[in-house]
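Once you know that position 5 of the sequence shown is 4 in numbering that gives the first Met the number 0, the rest is easy, because the numbers rise by one and skip nothing.
What follows is one structure encoded as structure tokens, with my remarks underneath.
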Amino acid sequence: MIWMLTVMVLLTALLLFSAIFQSLFHSDRRMNRRMKKILELGDKKKLGKRKFNLLIQMQVYRRQVKEKMLTKQKSEQLEQMITRSGVAIAPEEYLMFQWIAALLLLALMLLITSNLGFALIGFVMGYLSPRFWIKKKTRERIKKFNDGLEDMIMTVIGSLRAGFSFAQALKTVVDESEAPIKDEIEILLKEMQYGTSMEEALEHLKVRMPSEDLDLLVQAVLIQRQVGGNLAVVLDTIVRTIRDRNKIHRQIKTLTAQGRMSGWVIGLLPFGLSVILYLIQPSYIGTLFTHPIGLMLVGGAGVSMLIGLFLIRKMTTIEV
């Protein structure tokens, strides 16, 4: 009966978390709803007083969060981090989601364990989970950018050899590429159209997309603009360098697959065994979470497991 109640609570929390997640992070649907609201604002017949007041109140809450909980420097840092991930949310929305997730996991852990220590751990995990998710999206976006960078440079080389300028070659990239390369190059071209020099626009691109391969491309373009030379030949050399690096990365990933799998097994095995033992005989493992010595053992095991995962990650991560 207890485990059924636990499963129901977890499912309820998951559905609530998913609803909040959908409302904040699904940019296309959210944009459509916001556009619809804007259109409705122009027609007083379609917008009731209650709905209008709710929209105004939401904007007031966002402004209060931005003014009271975000300094200018922190807001810029969050905006840069969110921009790199490609997620269409504002810094104050990100901060609100952090607190919602933290309070949700705090209440969930307190309901399940009735232990303040585990509830505080849930609070910290909930508060950090949006940052981990943003970091994950950033890594995925950078990887996707790097995967398409070789084709992008080949497109630029072909355009340069056909007689186009570098700016015209970038326009060709926008027409033929997909996100995130298309999005970043569009921003680059718009900055240049608004009066930013190409050097500054390329530096801004490096900040938005921290990629070692992109850094090679930007440095080659900047040096060529200062000293001259055949940019197509230089970019051709960079393409070969990127290909060799990607080949080495794939080989390293293959050779370290066993170590990474060991890390996953070591990390998930204790949790899996704990769940199985709890379902079979709750009183057998329940002492670990109720007795002070048991809590100390759980804490020590968690620290040891984190150290082991850290060491395995260090051994399987090889910089090229």
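Positions of the beta carbon are idealized from the N, C-alpha and C atoms, including for glycine.
Burial state of residue i (16 or more Cβ within 10 Å)
{"i": "residue 93", "result": "buried"}
{"i": "residue 306", "result": "exposed"}
{"i": "residue 154", "result": "buried"}
{"i": "residue 141", "result": "buried"}
{"i": "residue 295", "result": "exposed"}
{"i": "residue 291", "result": "exposed"}
{"i": "residue 238", "result": "buried"}
{"i": "residue 300", "result": "exposed"}
{"i": "residue 95", "result": "buried"}
{"i": "residue 27", "result": "For residue 27, the pLDDT reaches just 48, beneath the cut-off of 50, and the residue's location in the model is therefore unreliable, although a value from the coordinates is still provided. Its Cβ having fewer than 16 others within 10 Å, residue 27 is exposed."}
{"i": "residue 83", "result": "buried"}
{"i": "residue 279", "result": "exposed"}
{"i": "residue 172", "result": "buried"}
{"i": "residue 91", "result": "buried"}
{"i": "residue 302", "result": "exposed"}
{"i": "residue 212", "result": "buried"}
{"i": "residue 281", "result": "exposed"}
{"i": "residue 25", "result": "A caution first: residue 25 carries a pLDDT of 49, below 50, which makes its placement in the model too unreliable to give a value."}
{"i": "residue 43", "result": "Below a pLDDT of 50, predicted positions are generally treated as unreliable, and residue 43, at 46, falls in that range; the measurement from the model is reported next regardless. Classification of residue 43: exposed, given that the 10 Å Cβ count is below 16."}
{"i": "residue 187", "result": "buried"}
{"i": "residue 159", "result": "buried"}
{"i": "residue 156", "result": "buried"}
{"i": "residue 320", "result": "One cannot answer for residue 320 here, as it falls past the ends of the chain, which runs 0 to 319."}
{"i": "residue 77", "result": "buried"}
{"i": "residue 101", "result": "buried"}
Cβ-Cβ separation, residue j to residue i (assumed contact under 8 Å), whole Å
{"i": "residue 85", "j": "residue 179", "result": "6 Å"}
{"i": "residue 152", "j": "residue 234", "result": "5 Å"}
{"i": "residue 208", "j": "residue 144", "result": "6 Å"}
{"i": "residue 304", "j": "residue 266", "result": "7 Å"}
{"i": "residue 88", "j": "residue 99", "result": "That pair is no contact at about 13 Å."}
{"i": "residue 283", "j": "residue 276", "result": "6 Å"}
{"i": "residue 121", "j": "residue 104", "result": "4 Å"}
{"i": "residue 274", "j": "residue 288", "result": "With a Cβ gap of about 13 Å, residue 274 and residue 288 do not count as contacting."}
{"i": "residue 240", "j": "residue 204", "result": "Residue 240 to residue 204, Cβ: 19 Å. No contact."}
{"i": "residue 317", "j": "residue 251", "result": "5 Å"}
{"i": "residue 129", "j": "residue 97", "result": "5 Å"}
{"i": "residue 315", "j": "residue 253", "result": "Actually they are not in contact, since the Cβ atoms of residue 315 and residue 253 sit about 12 Å apart, beyond 8 Å."}
Residue i (DSSP reduced to helix, strand or coil)
{"i": "residue 167", "result": "helix"}
{"i": "residue 245", "result": "helix"}
{"i": "residue 280", "result": "coil"}
{"i": "residue 87", "result": "coil"}
{"i": "residue 256", "result": "helix"}
{"i": "residue 70", "result": "coil"}
{"i": "residue 145", "result": "helix"}
{"i": "residue 179", "result": "coil"}
{"i": "residue 25", "result": "Caution is warranted here: a pLDDT of 49 is assigned to residue 25, below 50, making its placement in the model unreliable, and the coordinate value is therefore given only provisionally. In the structure shown, residue 25 sits in coil (DSSP, three-state: anything other than H, G, I, E or B)."}
{"i": "residue 162", "result": "coil"}
{"i": "residue 313", "result": "helix"}
{"i": "residue 261", "result": "helix"}
{"i": "residue 305", "result": "helix"}
{"i": "residue 44", "result": "Residue confidence is low: residue 44 scores 47 on pLDDT, short of 50, so the model does not pin down where it sits. Its coordinate-derived value is still stated next. Note: residue 44 maps to coil in three-state DSSP."}
{"i": "residue 285", "result": "helix"}
{"i": "residue 228", "result": "coil"}
{"i": "residue 273", "result": "helix"}
{"i": "residue 128", "result": "helix"}
Neighbour flag for residue i against chain D, beta carbons, 8 Å
{"i": "residue 277", "result": "Reference to chain D is not applicable here, since this structure consists of a single protein chain."}
Are the stretch 215–229 and the stretch 118–136 touching by the rule of at least three beta carbon pairs closer than 8 Å? The stretch 215–229 vs the stretch 118–136: no contact.
Taking only runs of the alpha helix (DSSP H) that begin and end inside the stretch 190–226, which ones reach a length of at least 4 residues, in chain order? DSSP runs (the alpha helix (DSSP H)) wholly in the stretch 190–226: 197–207, 211–226.
Segment contact, 8 Å Cβ cut-off, at least three pairs: the stretch 109–117 with the stretch 157–175: With the cut-off at 8 Å, the stretch 109–117 and the stretch 157–175 do not touch.
Contact the stretch 99–110 vs the stretch 133–147: 3+ CB pairs below 8 Å: Here the stretch 99–110 makes no contact with the stretch 133–147; the two share fewer than three CB pairs at distances below 8 Å.
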